[in-house]
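Peer 1: Chains as they are written, first to last, in this note's numbering: chain Y, 1 to 118; chain R, 1001 to 1110.
Quick reminder that beta carbons are idealized off the backbone N, C-alpha and C, glycines included.
What follows is a structure written as structure tokens; I'll ask about it next.
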Amino acid sequence: DGGITQSPKYLFRKEGQNVTLSCEQNLNHDAMYWYRQDPGQGLRLIYYSQIVNDFQKGDIAEGYSVSREKKESFPLTVTSAQKNPTAFYLCASSMVRASGRLPSYEQYFGPGTRLTVT
Amino acid sequence: RKEVEQDPGPFNVPEGATVAFNCTYSNSASQSFFWYRQDCRKEPKLLMSVYSSGNEDGRFTAQLNRASQYISLLIRDSKLSDSATYLCVVRGSGYSTLTFGKGTMLLVSP
């Protein structure tokens, strides 16, 4: 089945530790995204990548880093510099180019990782 | 003005009722519009795209009003399983990222 997987579902870390969240997709989508969601808040964009080996900062990139070495994978590292890392982290992907028709820009989400830092 | 604004609700309706949500957006150059559904502690899932001519998918109807910069979602014959948070999502012009509203919560009761 095609889809987006994120692991682990729940993650607990001590303050001061870096932690890497995994995101893999087999939808053959060009673009991938990382969001965080806090209670009662909308999704906020952390980083996104439209193509392998290239990525752009979103609205709240400080304290995070990403890499895009493969089309299928877009891991997110939450560094110790991120002041409030406890949140629900969501990875998404979308098609950027669709031969013969206009791209739709719809994004499809993985199940998310709940990170708790104490 | 917030980029994408929604009434947070909750909207409490009985089964079988018709309920409508509105969403306003600030960027007049926005090109694409979507409604997503998010169940408690789950990921958002695409419910439907919103086209200029309006579109319908079963019990769900979406409308776009570019002049007033709002989109709407109408749910007819509400089911218990419709209880969720509905996210209004907007894309600017060119290749740009999506902006998500904070969502409207719907609670359907027996």
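1. Is there at least one Cβ from chain R nearer than 8 Å to residue 115/Y's Cβ?
2. Quick check on residue 1106/R: does DSSP put it in helix, strand or coil?
3. Taking 8 Å as the threshold (beta carbon to beta carbon), is residue 55/Y in contact with chain R?
4. Whose C-alpha, out of 1029/R, 1100/R, 1011/R, 1051/R, is nearest the C-alpha of residue 1075/R?
5. Decide if residue 1031/R is buried, meaning its Cβ has at least 16 other Cβ atoms within 10 Å, or exposed.
6. For residue 7/Y, which residues from the same chain have a beta carbon less than 6 Å from its beta carbon, with the 5 sequence-adjacent residues on both sides left out?
7. Could you check how far apart the C-beta atoms of residue 109/Y and residue 1044/R are, in whole angstroms? I think they sit under 8 Å.
8. Please list, in chain order, all residues of the same chain as residue 66/Y whose beta carbon is under 6 Å from its beta carbon, the five residues on each side excluded.
9. In terms of alpha-carbon separation, which member of 1042/R, 1083/R, 1069/R lies closest to residue 1014/R?
10. For residue 1081/R, name the three-state secondary structure that DSSP assigns.
11. Just how far apart, CA to CA, sit residue 1027/R and residue 80/Y?
12. Find the nearest neighbour of residue 43/Y within the set 1098/R, 1060/R, 1052/R, judged by alpha-carbon distance.
13. Going along the stretch 1043–1055 of chain R in order, which residues come within less than 8 Å of chain Y, judged by CB to CB distance?
14. Can you pull the chain Y neighbours of residue 1079/R, defined as C-beta to C-beta under 8 Å?
15. Under 6 Å Cβ to Cβ from residue 45/Y, same chain only, skipping five residues before and after it: list those, please.
16. Hey, how far is the Cα of residue 1055/R from the Cα of residue 61/Y?
17. Under a three-way DSSP split, which group does residue 1018/R fall into?
18. Assuming residue 74/Y and residue 49/Y form a contact by the criterion Cβ under 8 Å, report the distance between their Cβ atoms to the nearest whole angstrom.
Peer 2: Looking at the coordinates:
1. Judged by the 8 Å Cβ criterion, residue 115/Y is not in contact with chain R.
2. Correct three-state label for residue 1106/R: strand.
3. By this cut-off, residue 55/Y is not an interface position.
4. Looking at the Cα atoms, 1011/R is the closest of the given residues.
5. Flag for residue 1031/R reads exposed.
6. Within the same chain, residue 7/Y has close Cβ partners 22.
7. Right, the Cβ-Cβ distance comes to about 5 Å (below 8 Å), so this counts as a contact.
8. Excluding residues within five positions, the ones whose Cβ falls inside 6 Å are 47, 55, 76.
9. Comparing Cα-Cα distances from residue 1014/R to each of 1042/R, 1083/R, 1069/R, the minimum goes to 1083/R.
10. Residue 1081/R falls in the helix class under three-state DSSP.
11. If you draw a straight line from the Cα of residue 1027/R to the Cα of residue 80/Y, it is about 35 Å long.
12. That would be 1098/R, whose Cα lies nearest to the Cα of residue 43/Y.
13. Listed in chain order, the positions of the stretch 1043–1055 of chain R with a beta carbon within less than 8 Å of a beta carbon of chain Y are 1043, 1044, 1045, 1046, 1049.
14. Result: empty, since nearest Cβ-Cβ is about 23 Å, beyond 8 Å.
15. Excluding positions up to five away in sequence, the list reads 35, 58, 59.
16. Put simply, the backbone Cα of residue 1055/R is about 36 Å away from that of residue 61/Y.
17. Collapsing the DSSP output to three states places residue 1018/R in coil.
18. Contact holds; Cβ gap of about 6 Å.
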